[in-house]
């Protein structure tokens, strides 16, 4: 690229970006002030005029635009620094889980009733973001982390923090009232307080960025080369880390978590041919501001009533497809020879006879089932429950058991079984023990389908919920499989595409809840997965017949999955049609997860924890894993349902949240163990 070409590109990038930003500012003002005369807006811009219209423009509309510019710039700069620091082109505050950690810590401060914490949003967001980023870095293997492992760790950590956040929002509904919209990202401002807080911090961080710019350029040459040139590499990396976290925490504390700006903006600039940080960061900040202000305009355009759609959902709708395009079109550049990696689950940790392990898993399920029957708001009534089960007469305890608890517990066990089956199948075709229907986007797609039946097609009865779940899940998996087919069903590409689809589906869910004014606590309860009010009808309609059909089909596929675990080349050499096997397996796993979602809502972690725990117990043979995983999955959701009913009785914690709280420590151990293999 000669000097003239570079100059033309620089002028086009910065000049075009500045002109576009000016246009978006004027369009945003026009969209906001449709009923206010143009001269009033003009007078406000030049600080003249003092009537009500001038005050509205000055104190509501202009701060919203300015905070959008500042937040977009900060998130874009954070994305550039994270990508350089981790040498990971997929790194951003959202894909690394920094957003979710920051948001969780802010919610903790809100509900803590500690005065100084309630007014320390930036500090809490900074601590939460740093904690999440460190966890992702450790769990994904530290300095040996790869883009795939880092993205998966960030996605599952986001699920974990989101679950913890939902628990707090449900049980501190009054303290967190009004935070649902903010928690999905919103630029709504009532005064200039947010801007006045953000501006000096961003100015200080920008000075740090300028100082780090040349040093980050040297890191592109490699750590050894940078050290040879006299740079203290570790000090630079520490400063980069804390600067990027601060750039993320700053907008989170004011406008909430806004996803994908830090991913999309830097890649727009890199695609224009800029790699050195002097221009890369400045241009990314400019175009990050354009993206966020433009997303806010788009969100208000999509909802003509001007009820606030969360801007974070709009950026996720934009960022999800962008991530898919980035993965598919540039996978060789992004991943190189690592695109075919698979994550090892390690060997089994116990050397026990297989019949003993299966028997122990069955005993665990029976014990969990009996404890759930006996458990109530006043504790466990084991003796009364045993007597009621043996007595064929009528009693209050028999009514409680058979009419109130048994159907619900059976539904929980069946849903846990289907989710663990889905997770096992996805882990098999991805050769990745960290895969899960929630990560692949299946659960989110099914949830969108059910919500569409609830609201958009509200005339339909609940009997149509499974149809919505199946259609939503199939559409999600169709997108994932289409792009995976374009890349010859590369497991890493499939997993990352699933992450992008899951993010887009979650954005649609947030938009539907906001658009149709669904109660935030009720929405969180259903989206978190709840076995409340489930029973014999859900068992009969959604769960029993899929189990009877899908388990035999899955048993037939297990031999093929064992061969696939040896690698694609070996599988082809042994006569396996790997494309057909992955298609059939993915559709079976999708249908299994969709039916569970139709019955109990979107529950995560079951499909992740149960198969992997079974694998650690019995080894890598899928034929041995299947029965143990199904029994463990059923037990886990039964225990989650029981705990949710009893822990804070008479209130109930959604069983999906309990499953996440149980599964999170296991997942942290699992990731740290896997990263050492």
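Residue numbers (the UniProt record's numbering): 1 to 677.
Every residue gets a Cβ at the ideal spot worked out from N, C-alpha and C, and that includes glycine.
Here the structure is a predicted model, which means the values were calculated and not measured.
- By the criterion of a C-beta distance shorter than 6 Å, residue 208 is surrounded in its chain by 243, once the five residues flanking it on both sides are discounted.
- The beta carbon of residue 446 sits closer than 6 Å to the beta carbons of 469, 472, 473, 594 and 597 from its chain, once the five residues preceding and following it are set aside; these are given in chain order.
- In this structure, the CA atom of residue 380 is about 10 Å from the CA atom of residue 370.
- The residue from 286, 643 and 271 with its alpha-carbon nearest to that of residue 412 is 643.
- Its Cα nearest to that of residue 510, the residue 315 stands out among 376, 201, 543 and 315.
- Counted as a single uninterrupted DSSP element, the alpha helix (DSSP H) harbouring residue 592 occupies residues 578 to 600.
- Residue 226 counts as buried, since no fewer than 16 other beta carbons sit within 10 angstroms of its beta carbon.
- Rounded to the nearest whole angstrom, the CA to CA distance from residue 621 to residue 274 is 48 Å.
- Three or more Cβ pairs closer than 8 Å define a contact, and the segment 499 to 509 meets that threshold against the segment 316 to 325.
- Between residue 101 and residue 132, the CB-CB gap stays under 8 Å.
- DSSP, reduced to helix, strand and coil, places residue 666 within a helical segment of the structure shown.
- Annotated as proximal: residue 663 and residue 609, with beta-carbon spacing under 8 Å.
- Counting along the chain, residue 232 sits inside no alpha helix (DSSP H), nor does DSSP assign it H or E at all.
- Boundaries of the alpha helix (DSSP H) harbouring residue 610: 606 to 618, taken from the DSSP string.
- Residue pairing by DSSP places residue 379 opposite 376 in a beta bridge.
- For the set 482, 196 and 283, the Cα lying nearest the Cα of residue 64 is the one of 196.
- According to the DSSP assignment, residue 464 belongs to no alpha helix (DSSP H), since it is labelled neither H nor E.
- In chain order, 225, 226, 229 and 231 place their CB closer than 8 Å to the CB of residue 218, counting only its own chain and leaving out the 5 sequence neighbours on each side.
- Every alpha helix (DSSP H) stretch that sits fully inside the segment 224 to 295 and reaches 4 residues is listed by chain position as 233 to 255 and 261 to 271.
- Contact check for residue 76 against residue 259 fails: the beta carbons are separated by 8 Å or more.
- Residue 130 and residue 410 have their C-alpha atoms spaced approximately 42 Å apart.
- In the DSSP assignment, residue 540 falls outside any alpha helix (DSSP H) and carries neither an H nor an E.
- The beta carbons of residue 585 and residue 616 sit no closer together than 8 Å.
- With respect to the C-alpha of residue 93, the residue from 62, 112 and 134 having the closest C-alpha is 134.
- Counting along the chain, residue 136 sits inside the alpha helix (DSSP H) bounded by residues 121 to 139.
- Taking 8 Å as the cut-off, the beta carbon of residue 375 is found no closer than this to the beta carbon of residue 281.
- Annotation for residue 237: 85 place their beta carbon closer than 7 Å to its own, counting only its chain and skipping 5 residues before and after.
- Between the segment 533 to 541 and the segment 355 to 371, the count of Cβ pairs shorter than 8 Å is below three; the stretches do not touch.
- By the 16-neighbour rule on beta-carbons within 10 angstroms, residue 12 is exposed.
- If the five residues before and after residue 276 are omitted, its C-beta is found closer than 7 Å to the C-beta atoms of 217, all from its own chain and listed in chain order.
- By the 16-neighbour rule on beta-carbons within 10 angstroms, residue 61 is buried.
- Nearest Cα to residue 547 within the set 589, 563 and 312: 589.
- For residue 549, the closest C-alpha among the options 570, 592, 625 and 529 is that of 592.
- For residue 435, the secondary structure class from DSSP, reduced to helix, strand or coil, is coil.
- Residues 438, 439, 604, 605 and 660 of the same chain have their beta carbon placed closer than 8 Å to that of residue 159, with the five preceding and five following residues left out of the count.
- Residue 312 places its beta carbon less than 8 Å from that of residue 257.
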